[in-house]
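Notes to accompany the following structure.
In the numbering used here, the protein residues as written are -18 to 259.
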C-alpha cells in the first residue's frame, strides 16, 4: 500500500515542494485580534501585518477534527503523520487523538504519528526525507523507522535579529530584553533533545551571530554529505541566500533548500530571524 505523508503548518516547507511531493499540510490557526487566519497565509503579508499590530498574533494547533478530515481524505493509503514538537504545541497530541478516532471508524491501513521534537524546517527536513523514501517505494514501517532514527539527530539552530517579539510574547522580561537590545546582543538558540527551545550562546552583533550559526553546523557530530540542509528566514531572503552561499563553501550537503519562516515560528522570531536545520 502506498503512503500519504501528512504534516502541520509549522513545517515551513519550500514553496511548491509539498504539491510536487504530494504531502498534505494541516494548517495551524493564526489570530490577529479577532480576525482568524491560518499558517497558509502569505509570509510577506504576515510580517507586514505583524509589524503594524500593537500586539502579537496568537497561534493555536489544529483540532483533532482537522487532522481526522485530513486522514479521511487518504483513507485508502497508509498514513505517516509527522508533527511539530509536543514540547511546543498540542498539535502532536491532537494528531494522536484523531488517529484513535480514525481507527474507531474502521480504518484498515497503518497510521503512524510521530513527534518530530522540532519545528519549522527542522520538521520540514524530516518530512522531505520521508517523502523521498515513500516515493522510492519504501513501506510505512521502513519509512517511519527511518524518521524515528533521524529525529534525535536532527539539528535545528536559529538566531533572532530582534528581541521585541520574545519580549511581547512574555518569553523574556522587558528590562533584560531592553538591556540586551541596547548592547546589541543576539541570541543563538536550538531545539533541545526534549523538543523545547534552549539558549546556546549570546553574541554581540548580527554578523557575529550569523558567523557562529554557520560555525555550529561544523561542530555537530554528524555526517553531512547525505543530509538536506534547510534555511528558513523571517522576511530576510538576501541574508538567507548569503548564508547559503557561505555554507556551500564550507560544507558538503546533498541539497540545500531555502524557505520562508511562516506565521507559526515567525510570530516568536520576529523579522530578521534565520534558522538552519539538518
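C-beta: ideal position from N, C-alpha, C; glycine also. Note that this is a predicted model, so its numbers are computed, not measured.
| Check | Outcome |
| --- | --- |
| Reference residue 100; option with closest CA among 92, 83 and 73 | 73 |
| Stretch-stretch touch, CB-based, cutoff 8 Å, three pairs: the segment 89 to 109 with the segment 13 to 33 | no |
| Endpoints, the alpha helix (DSSP H) within which residue 177 is located | Residue 177 -> no alpha helix (DSSP H), and no H or E assigned at all. |
| Buried or exposed (CB count within 10 angstroms, at least 16 for buried), residue 51 | buried |
| Among 197, 20, 191 and 227, the one whose alpha carbon lies nearest that of residue 248 | 20 |
| Chain-order list of residues whose beta-carbon lies under 7 Å from that of residue 22 (same chain, five-residue window excluded) | 11 and 244 |
| Minimum C-alpha distance to residue 45 - residue among 62, 38, 58 and 36 | 62 |
| Rounded distance between the beta-carbons of residue 223 and residue 135, thought under 8 Å | Incorrect: roughly 24 Å between the Cβ atoms, too far for contact. |
| Stretch-stretch touch, CB-based, cutoff 8 Å, three pairs: the segment 105 to 125 with the segment -7 to 10 | yes |
| Entirely enclosed beta strand (DSSP E) segments - the segment 11 to 84, minimum 3 residues | 16 to 19, 39 to 41 and 59 to 64 |
| Own chain residues within Cβ distance below 7 Å of residue -16, not counting five before or after | 58, 59, 61, 115, 121 and 124 |
| Burial state of residue 215 (16 or more Cβ within 10 Å) | buried |
| Residue 187 - DSSP class collapsed to helix/strand/coil | helix |
| Opening and closing residue of the alpha helix (DSSP H) in which residue 139 lies | Where residue 139 is concerned, there is no enclosing alpha helix (DSSP H), although the beta strand (DSSP E) it sits in stretches over 137 to 141. |
| Start-to-end residues for the beta strand (DSSP E) that takes in residue 211 | 209 to 214 |
| Residue 231 beta carbon less than 8 Å from that of residue 195 | yes |
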